[in-house]
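Q:
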Amino acid sequence: MDPNQAARNLEVIRTLMERTTRYQLLTAHAGLAAGCLAGTGALLFVFLDPANPRHFAAVWGLVFAGSLLATAVGTLMRGRETGEKVWSRPARAVVGALAPALAAAAVFTVFFFSRGMHLWLPGVWMLCYGQGALATSAYAPTAIRWLGLLMLLAAPVTLALGPQWSIALMGVVFGLGHVGLGVLLLITERQQTPRLHRSVA
Amino acid sequence: VDEFKRLVDELDPLLHEPGRMAIVSALAAGGRMTFTDLRDALTMTDGNLSIHLQKLEKKGYVAIDKQFVGRRPQTRCQLTRAGRTAFTRYLDHLEAIVRQGRAQERA
């Protein structure tokens, strides 16, 4: 064995160890799609009334559903492309880590809507999202950790500025945050090579 | 050159095989894993994984236990203390080979 081969072996081992614990099916395109949807959602309120709960629910409901769909399709396609199981061990760990934050967001959404205080929700959603993203940081790509931190920092600012700024901040933080996530994932994806499959096969 | 040869000779031959190296790396990171999770993570066939696991178990590097979850049998694997020590030693050896090679290049 020569030193170059030893270095390659160490690289393969590191990749294998990351692969066992990291959720790798999150795609850059899903992040970019979620960012574009959030930005578009915020821009729609130039024409719609954010104080109207129906408008608010319809826009952000569609943004959430669209982002979820983009993630699901992206994950399925990536799984098919790489031959990896979609409902894998890391995927179960990520869903388990996200579940409490998602449940909290759902409860707060119902609570604030029922009291006509829905314009406070963007700050609350950022808090829940940030907590959820950080909870997955042991399994998810590093970029998710940065997005989680951004959300946790932006949440108190959004809440402090109040309802009149909540839509704009939702568009900026969720929109640009996800676009940034997509770009970082894209860079990571470009750097990765199919060496691992060849080495193990 | 002698030091380099010694390092290469001392590499654990059981762990030096790519398939077994992959299994041990995955178990070192993932802790206890089911046979299915391990197979999916490493994209290995059942037969291939099974043979490698048997060799690692025989050497005492991996502990395998079988249990029933509901009505389904489940095989779980984890590194033993000896396996973790051997893996750490293997990594140390690889790093030493890389260092030795760089030192030779500089000389």
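These protein sequence lines map, in sequence, to chains A and B. First residue of the first sequence? That's 12 in this note's numbering, and the numbers climb one at a time after it. First residue of the second sequence? That's -4 in this note's numbering, and the numbers climb one at a time after it. Backbone N, C-alpha and C define an ideal beta-carbon position, used for all residues, glycine too. If you're wondering where the values come from, they're calculated on a predicted model, not measured in any experiment.
#1: Output the residue ranges of the alpha helix (DSSP H) runs that lie fully inside the stretch 117 to 184 of chain A and measure 4 residues or longer, sorted by chain position.
#2: Measure the Cβ-Cβ separation of histidine 88(B) and leucine 22(B) and say whether it is below 7 angstroms.
#3: Anything in chain A within Cβ reach of alanine 23(B), meaning under 7 angstroms, just list it in chain order.
#4: With DSSP as the reference, please indicate the residues paired to methionine 28(B) in a beta bridge.
#5: Taking DSSP as the reference, what is the three-state secondary structure of aspartate 4(B)?
#6: In three-state terms, what does DSSP make of lysine 54(B)?
#7: Provide the residue(s) that pair with lysine 61(B) in DSSP beta bridges, ordered along the chain.
#8: With a threshold of 7 angstroms between beta carbons, is alanine 17(A) in contact with chain B?
#9: Is it the case that the Cβ atoms of glycine 120(B) and threonine 31(A) are separated by a distance below 7 angstroms?
#10: Since threonine 29(B) and glutamine 69(B) are thought to touch, with beta carbons under 8 angstroms apart, how far apart are those beta carbons, to the nearest angstrom?
#11: When you compare only the Cα positions, how much space is there between histidine 40(A) and alanine 58(B)?
#12: I think glutamine 142(A) touches alanine 114(A), with their Cβ atoms under 8 angstroms apart; what is that distance to the nearest whole Å?
#13: Relative to the alpha-carbon of serine 45(B), which residue among Arg71(B), Ser20(B), Ile92(B) and Arg66(B) has its alpha-carbon at the smallest distance?
#14: Quick one: is serine 20(B) near chain A, going by C-beta distance under 7 angstroms?
#15: Which residue comes first and which comes last in the alpha helix (DSSP H) that contains alanine 62(A)?
#16: Where does methionine 88(A) fall in DSSP's three states?
#17: Alanine 17(A) to valine 183(A), Cα distance in whole Å?
#18: Note the first and the last residue of the continuous alpha helix (DSSP H) segment covering threonine 31(A).
#19: Is there at least one non-hydrogen atom of the ligand FMN closer than 6 angstroms to the beta-carbon of leucine 33(B)?
#20: Output needed for serine 210(A): all residues of its chain with C-beta closer than 7 angstroms, excluding positions within five of it in sequence on either side, in chain order.
#21: Which residue from Met39(B), Gly14(B), Asn43(B) and Leu74(B) puts its Cα closest to that of glycine 55(B)?
#22: Given leucine 48(A), which residues of its chain have a CB within under 7 angstroms of its CB, disregarding the five upstream and five downstream residues?
#23: When the Cα atoms are used, what is the spatial distance from arginine 97(B) to aspartate 4(B)?
#24: Would you give the residue range spanned by the alpha helix (DSSP H) that glycine 37(A) belongs to?
#25: Please name the residue, chosen from Leu192(A), Pro152(A) and Leu21(A), that lies closest to threonine 83(B) on a Cα-to-Cα basis.
#26: Which residue wins for smallest C-alpha separation from threonine 51(A), given the options Arg65(A), Tyr34(A), Val70(A) and Met12(A)?
#27: How long is the line joining the alpha carbons of leucine 48(B) and isoleucine 18(B), rounded to whole angstroms?
#28: Please classify alanine 36(B): does DSSP put it in a helix, a strand, or coil?
A: With the given structure in hand:
#1: Runs found: 132 to 146, 153 to 172 and 174 to 181.
#2: Contact: no.
#3: For alanine 23(B), the chain A residues whose C-beta falls within less than 7 angstroms of its own C-beta are Met28, listed in chain order.
#4: Note: methionine 28(B) sits in a beta bridge opposite Cys72(B).
#5: In the three-state DSSP reduction, aspartate 4(B) falls in the helix class (H, G or I).
#6: Coil.
#7: Looking at the DSSP output, lysine 61(B) shares a beta bridge with Thr70(B).
#8: Yes, its Cβ sits closer than 7 angstroms to a Cβ of chain B.
#9: An answer regarding residue 120(B) cannot be provided, because it is not within the stretch -4 to 102 covered by chain B.
#10: At roughly 6 angstroms, the Cβ-Cβ gap stays under 8 angstroms, so threonine 29(B) and glutamine 69(B) are in contact.
#11: Histidine 40(A) and alanine 58(B): Cα-Cα distance of roughly 41 angstroms.
#12: So it is not a contact: roughly 11 angstroms between Cβ atoms.
#13: With distances taken between Cα atoms, serine 45(B) lies closest to Arg71(B).
#14: Against chain A, the CB of serine 20(B) has a partner CB under 7 angstroms away; the residue lies at that interface.
#15: No alpha helix (DSSP H) contains alanine 62(A), which DSSP labels as neither H nor E.
#16: Correct three-state label for methionine 88(A): helix.
#17: Straight across, the Cα-Cα distance linking alanine 17(A) with valine 183(A) is about 46 angstroms.
#18: In the DSSP assignment, threonine 31(A) falls within the unbroken alpha helix (DSSP H) covering 14 to 32.
#19: Ligands displayed in this structure: none; no statement on the ligand FMN is therefore possible.
#20: Note that serine 210(A) scores 43 on pLDDT, short of 50, meaning its location in the model is unreliable; the coordinates nonetheless yield the value given after this. Taken in chain order, the residues that qualify are Val23.
#21: When the alpha-carbon of glycine 55(B) is set against those of Met39(B), Gly14(B), Asn43(B) and Leu74(B), the nearest one is in Leu74(B).
#22: Hits under 7 angstroms: Val74, Gly77 and Ser78.
#23: Taking the straight line from one Cα to the other gives about 19 angstroms.
#24: As written in the sequence, residue 37(A) is leucine, which differs from the glycine given in the question. Taken as a continuous stretch (DSSP letters only), leucine 37(A) belongs to no alpha helix (DSSP H), as it is neither H nor E.
#25: Selection Leu192(A), Pro152(A) and Leu21(A) evaluated against threonine 83(B) yields Leu21(A) as nearest (Cα-Cα).
#26: The shortest C-alpha separation from threonine 51(A) is found at Val70(A).
#27: When rounded, the separation of the alpha-carbon atoms in leucine 48(B) and isoleucine 18(B) is 8 angstroms.
#28: Here alanine 36(B) sits in helix by DSSP.
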